[in-house]
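There are 2 protein chains.
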Amino acid sequence: MRRDVPPSSPTLEDVARAAGVSRATVSRVVNGIRNVDSALQESVRRAIADTGYVPNRAARSLVTRRAGSVALVVSGAGEEGAEHAFPGRVLTDPFFGRVIGGVAGFLRPRGVHPVLMFAETARARAEVLAFLRQGEADGAVLVSTHAEDPLPELLAEAGLPAALFARPARPVPISYVDVDHRAGAKLAADHLLARGRRRIGTISGPLDVPAARARLAGFRDAMAAHGHPYVPCAEGGFTYHSGEAAMERLLAEHPGLDGVFVANDLMAQGALPVLRHHGRAVPRDVGVVGFDDSSAATACRPALTTVRHPVEDMAAELARLLLEHVERPGRRPTSVIFEPALVVRDSS
Amino acid sequence: MRRDVPPSSPTLEDVARAAGVSRATVSRVVNGIRNVDSALQESVRRAIADTGYVPNRAARSLVTRRAGSVALVVSGAGEEGAEHAFPGRVLTDPFFGRVIGGVAGFLRPRGVHPVLMFAETARARAEVLAFLRQGEADGAVLVSTHAEDPLPELLAEAGLPAALFARPARPVPISYVDVDHRAGAKLAADHLLARGRRRIGTISGPLDVPAARARLAGFRDAMAAHGHPYVPCAEGGFTYHSGEAAMERLLAEHPGLDGVFVANDLMAQGALPVLRHHGRAVPRDVGVVGFDDSSAATACRPALTTVRHPVEDMAAELARLLLEHVERPGRRPTSVIFEPALVVRDSS
DNA sequence: CCACCGTGGGAGAGCGCTCTCCGTCCTCGC
DNA sequence: GCGAGGACGGAGAGCGCTCTCCCACGGTGG
Numbered sequence: 003m004r005r006d007v008p009p010s011s012p013t014l015e016d017v018a019r020a021a022g023v024s025r026a027t028v029s030r031v032v033n034g035i036r037n038v039d040s041a042l043q044e045s046v047r048r049a050i051a052d053t054g055y056v057p058n059r060a061a062r063s064l065v066t067r068r069a070g071s072v073a074l075v076v077s078g079a080g081e082e083g084a085e086h087a088f089p090g091r092v093l094t095d096p097f098f099g100r101v102i103g104g105v106a107g108f109l110r111p112r113g114v115h116p117v118l119m120f121a122e123t124a125r126a127r128a129e130v131l132a133f134l135r136q137g138e139a140d141g142a143v144l145v146s147t148h149a150e151d152p153l154p155e156l157l158a159e160a161g162l163p164a165a166l167f168a169r170p171a172r173p174v175p176i177s178y179v180d181v182d183h184r185a186g187a188k189l190a191a192d193h194l195l196a197r198g199r200r201r202i203g204t205i206s207g208p209l210d211v212p213a214a215r216a217r218l219a220g221f222r223d224a225m226a227a228h229g230h231p232y233v234p235c236a237e238g239g240f241t242y243h244s245g246e247a248a249m250e251r252l253l254a255e256h257p258g259l260d261g262v263f264v265a266n267d268l269m270a271q272g273a274l275p276v277l278r279h280h281g282r283a284v285p286r287d288v289g290v291v292g293f294d295d296s297s298a299a300t301a302c303r304p305a306l307t308t309v310r311h312p313v314e315d316m317a318a319e320l321a322r323l324l325l326e327h328v329e330r331p332g333r334r335p336t337s338v339i340f341e342p343a344l345v346v347r348d349s350s
Numbered sequence: 003m004r005r006d007v008p009p010s011s012p013t014l015e016d017v018a019r020a021a022g023v024s025r026a027t028v029s030r031v032v033n034g035i036r037n038v039d040s041a042l043q044e045s046v047r048r049a050i051a052d053t054g055y056v057p058n059r060a061a062r063s064l065v066t067r068r069a070g071s072v073a074l075v076v077s078g079a080g081e082e083g084a085e086h087a088f089p090g091r092v093l094t095d096p097f098f099g100r101v102i103g104g105v106a107g108f109l110r111p112r113g114v115h116p117v118l119m120f121a122e123t124a125r126a127r128a129e130v131l132a133f134l135r136q137g138e139a140d141g142a143v144l145v146s147t148h149a150e151d152p153l154p155e156l157l158a159e160a161g162l163p164a165a166l167f168a169r170p171a172r173p174v175p176i177s178y179v180d181v182d183h184r185a186g187a188k189l190a191a192d193h194l195l196a197r198g199r200r201r202i203g204t205i206s207g208p209l210d211v212p213a214a215r216a217r218l219a220g221f222r223d224a225m226a227a228h229g230h231p232y233v234p235c236a237e238g239g240f241t242y243h244s245g246e247a248a249m250e251r252l253l254a255e256h257p258g259l260d261g262v263f264v265a266n267d268l269m270a271q272g273a274l275p276v277l278r279h280h281g282r283a284v285p286r287d288v289g290v291v292g293f294d295d296s297s298a299a300t301a302c303r304p305a306l307t308t309v310r311h312p313v314e315d316m317a318a319e320l321a322r323l324l325l326e327h328v329e330r331p332g333r334r335p336t337s338v339i340f341e342p343a344l345v346v347r348d349s350s
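Residue numbers (the working numbering), protein chains in the order written: chain A, 3 to 350; chain B, 3 to 350.
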């Protein structure tokens with residue numbers, strides 16, 4: 003409509019011609035650098051508006067060697083070998099939603115876009131590496147579902163900018179953010195004891211996950227410090243159903259229980275109906291404390307007392323760490339640990 | 003380590019030199035086109051392996067005018083004006099996780115990457131448009147949280163390839179996928195009646211959302227066809243808490259209720275404790291049927307009878323539609339409607 | 001025996017941008 | 001009054017790739 007021949011979008015050249023200046027000057031105005039006479043600047047801006055110019059990202063990337071995007075990798079999701087299954091069934095866990103939201107929230111004002119990737123198989127991991135090497139993304143933030151994920155090491159070896167959500171199981175020279183799980187578990191222990199609970203058990207997460215181990219250890223240490231050296235434990239898998247099953251077992255072995263610390267809210271959500279089913283009123287007979295302060299915590303009856311995990315803030319910091327590595331490639335890995343807080347609701 | 007001077011990755015030129023052929027030939031091999039002598043092909047492949055070459059995506063995009071990625075836009079999320087808030091609190095809803103998983107699952111084997119974007123504000127919408135115009139993504143799939151979302155129209159006007167999850171409130175010339183909400187609601191009605199329920203109410207979704215309206219209308223029509231012209235309804239907002247509140251209201255006005263159709267699982271999950279709290283046993287006194295077959299359906303006690311919404315398949319189809327539009331820009335919009343199915347569990 | 005065609009492969013022109021040079025002009029200071 | 005130096009803007013060389021030509025060669029039919 004505006005032009006006759008080319009239906010493709012206007013280029014820097016077109017704008018330059020319209021404004022009567024050189025390409026370089028238009029580029030300077032667009033990128034806001036150096037000293038360009040304000041009158042010229044104005045006419046360039048008008049020409050940009052007139053032509054409807056938008057810079058072509060591919061061309062820019064080609065010369066700047068920056069993609070302006072980062073890979074947001076959900077790693078270790080799904081089963082090995084389930085090549086054609088839908089990935090991201092994990093995304094069903096509200097926890098990932100919060101991480102993604104936090105990362106995206108930090109990146110957005112900086113004009114960086116997150117590219118979603120799943121890396122559950124060896125092939126998928128190779129794709130992530132290729133993706134980064136091809137320069138389609140400047141780096142990767144990684145959130146793993148299980149501890150044995152080899153991707154962090156692969157990234158570190160390849161020298162690609164990356165940052166992790168949660169400390170890796172084996173030490174890897176890579177930046178990460180995490181919460182102080184031990185301190186959070188101590189908060190839960192202190193709270194249950196303060197409420198007068200004395201026969202306290204715990205439902206842990208899968209013990210190959212460092213976070214789950216740390217929560218259990220922290221809880222036991224805190225209990226021991228208060229003179230409770232033995233704390234019965236049932237291991238769960240961080241899912242609703244594993245929470246149910248673990249609660250059944252714990253209750254069968256320790257019917258006299260009057261308090262439970264559950265290592266995440268989803269499992270606690272599963273534990274509540276089991277307690278009710280066995281005639282235990284919560285919080286009257288048994289006090290329950292979860293971990294994460296996820297949406298599950300308020301989608302329970304009674305609403306869950308829980309340990310707040312500042313997931314969004316952590317995810318934002320995660321993104322910040324990554325961008326720092328992208329900015330200055332040589333940088334040494336750093337880790338940032340966040341403090342948890344107790345949120346008291348109705349279940350304790 | 004391998005080379006002395008350039009630490010940057012090898013280019014087509016380097017590979018060509020190593021294989022003793024021209025750039026063009028290497029390009030042909032890489033892209034698997036035209037007829038290249040198999041001996042040459044072999045030596046080129048070896049050279050690629052030796053140099054560790056990976057094609058530079060920006061350079062390729064520059065000439066092919068294809069980004070190889072699409073925008074996955076969550077639209078209408080969060081409140082207008084909450085500029086600095088974390089976006090994607092919606093991601094907490096497992097429904098979005100399923101959509102994202104389905105889209106990603108389809109795109110992945112095709113080498114297309116989804117770029118996550120949020121478009122809750124006018125500014126964010128402008129960014130999405132600019133993103134597409136800049137050629138950073140070849141098109142957009144859109145999943146909206148509310149009906150008044152202006153983004154579909156903006157995309158259609160701009161002639162950018164796009165596809166929607168769920169039919170837009172106002173007709174827009176754009177492809178979409180949806181489920182047959184009316185048929186799903188009829189399934190629920192038939193089932194409740196078949197189980198002998200006679201005093202049946204419903205909790206609807208927000209009535210400005212077309213899907214919510216269609217479910218309500220379908221339910222009422224099916225009930226009317228069976229001789230139940232009046233069906234009491236309480237409007238909810240598709241969230242856990244709105245489900246609780248709606249159930250309270252419905253029960254207050256119609257204490258004799260023996261069946262409820264709830265327009266999504268999350269609200270049904272909220273409704274169950276309310277029924278229990280008011281002394282109604284589920285399913286003995288009241289039968290409950292949800293909608294979606296989300297993870298919430300199995301994370302309830304009793305487990306929820308619900309209408310299965312094949313979200314992953316729909317999302318895959320959504321991605322397919324988009325890619326079709328990217329492939330052949332002139333294509334007319336099409337819509338694909340999926341059939342729902344009843345999943346009987348314990349709540350009815 | 002020559003015109004013709006099909007096939008394999010090279011040369012080279014860009015794609016749209018950034019950025020380094022370098023030239024021009026204007027303003028001071030001595 | 002003249003040279004130094006700063007401010008401004010243009011020319012042009014690429015970034016790494018694709019793809020259109022075009023050439024060379026061998027086989028075929030008239």
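For every residue, glycine included, the Cβ atom is placed at its ideal position computed from N, Cα and C.
| Asked | Found |
| --- | --- |
| Below-8 Å beta-carbon distance, Glu138(B) vs any chain A residue | yes |
| Within chain A, partners of His148(B) - CB distance below 9 Å | What His148(B) touches in chain A: nothing, since even the nearest Cβ is about 18 Å away. |
| Where Asp294(A) falls, given that 16 or more other Cβ within 10 Å makes a residue buried | buried |
| Best match in Ala318(A), Glu15(A), Thr27(A) for proximity to Phe167(A) [C-alpha to C-alpha] | Ala318(A) |
| Proximal residues of chain B, C-beta to C-beta of Pro275(A) below 8 Å | Arg303 |
| Positions along the stretch 96-108 of chain A whose CB lies within less than 8 Å of some CB in chain B | Pro96, Phe98, Gly99, Arg100, Ile102, Gly103, Gly104, Ala106, Gly107 |
| Any C-beta of chain A under 8 Å from that of Gln43(B) | no |
| Boundaries of the alpha helix (DSSP H) in which Leu209(B) is found, first to last residue | From DSSP, Leu209(B) is part of no alpha helix (DSSP H); its letter is neither H nor E. |
| Alpha carbon of Thr204(B) to alpha carbon of Asp192(B), nearest angstrom | 14 Å |
| Thr300(A) vs Val346(A) beta-carbon contact at 8 Å | no |
| Cβ pair Glu237(A), Leu209(A) closer than 8 Å | yes |
| Closest Cα partner of Val72(A) within the set Ala158(B), Val179(B), Val117(B) | Val117(B) |
| Between the CA atoms of Met119(B) and Phe98(B) - distance to the nearest angstrom | 13 Å |
| Contact belief for Gly141(B) with Val328(B) at Cβ below 8 Å, rounded distance in angstroms | 5 Å |
| Beta-carbon neighbours of Asn33(A), restricted to chain B and to distances below 9 Å | Those within 9 Å of Asn33(A) in chain B number zero; the least Cβ separation is about 14 Å. |
| Neighbour list for Val56(A) in chain B, Cβ cutoff strictly below 8 Å | Ala132, Arg135, Gln136 |
| Under 8 Å between C-beta atoms of Ala248(B) and Met225(B) | no |
| Every unbroken alpha helix (DSSP H) inside the stretch 96-151 of chain A [4 residues or more] | 96-109, 124-135 |
| 8 Å Cβ cut-off: residues of chain B touching Leu64(A) | Asn58, Ala60, Ala61, Leu64 |
| Contact residues within the stretch 302-323 of chain A, judged by C-beta distance below 7 Å to chain B | Arg303, Glu314 |
| Residues of the stretch 242-270 of chain A with Cβ closer than 7 Å to any Cβ of chain B, in chain order | Tyr242 |
| Cβ of Pro116(A) within 8 Å of any chain B Cβ | yes |
| Residues near Arg222(B) in its chain [Cβ-Cβ closer than 6 Å; skip 5 each side] | Val233 |
| Inter-residue spacing [alpha-carbon to alpha-carbon] between Gly198(B) and Glu341(B) | 25 Å |
| Simplified DSSP state of Tyr55(B), which is helix, strand or coil | coil |
| Paired residues, beta bridge with Ala236(A) - DSSP | Ile205(A) |
| Proximity below 8 Å, CB of Ile202(A) to CB of His183(A) | no |
| Leu74(A) at chain B interface by Cβ criterion, 8 Å | yes |
| Residue-chain proximity (Phe340(A), chain B), Cβ-Cβ < 8 Å | no |
| Short CB-CB distance (under 8 Å) between Ser350(A) and chain B | no |
| Three CB pairs or more closer than 8 Å across the stretch 123-135 of chain B and the stretch 147-161 of chain B | yes |
| Under 7 Å (Cβ pairs) to chain B, residues found in the stretch 200-233 of chain A | none |
| Alpha-carbon spacing of Leu274(B) relative to Val284(B), whole angstroms | 8 Å |
| Meets three-Cβ-pair contact criterion under 8 Å: the stretch 19-30 of chain B and the stretch 49-61 of chain B | yes |
| Where Asp287(B) falls: helix, strand or coil (DSSP) | coil |
| Nearest-angstrom Cα separation, counted from Pro312(B) out to Lys188(B) | 17 Å |
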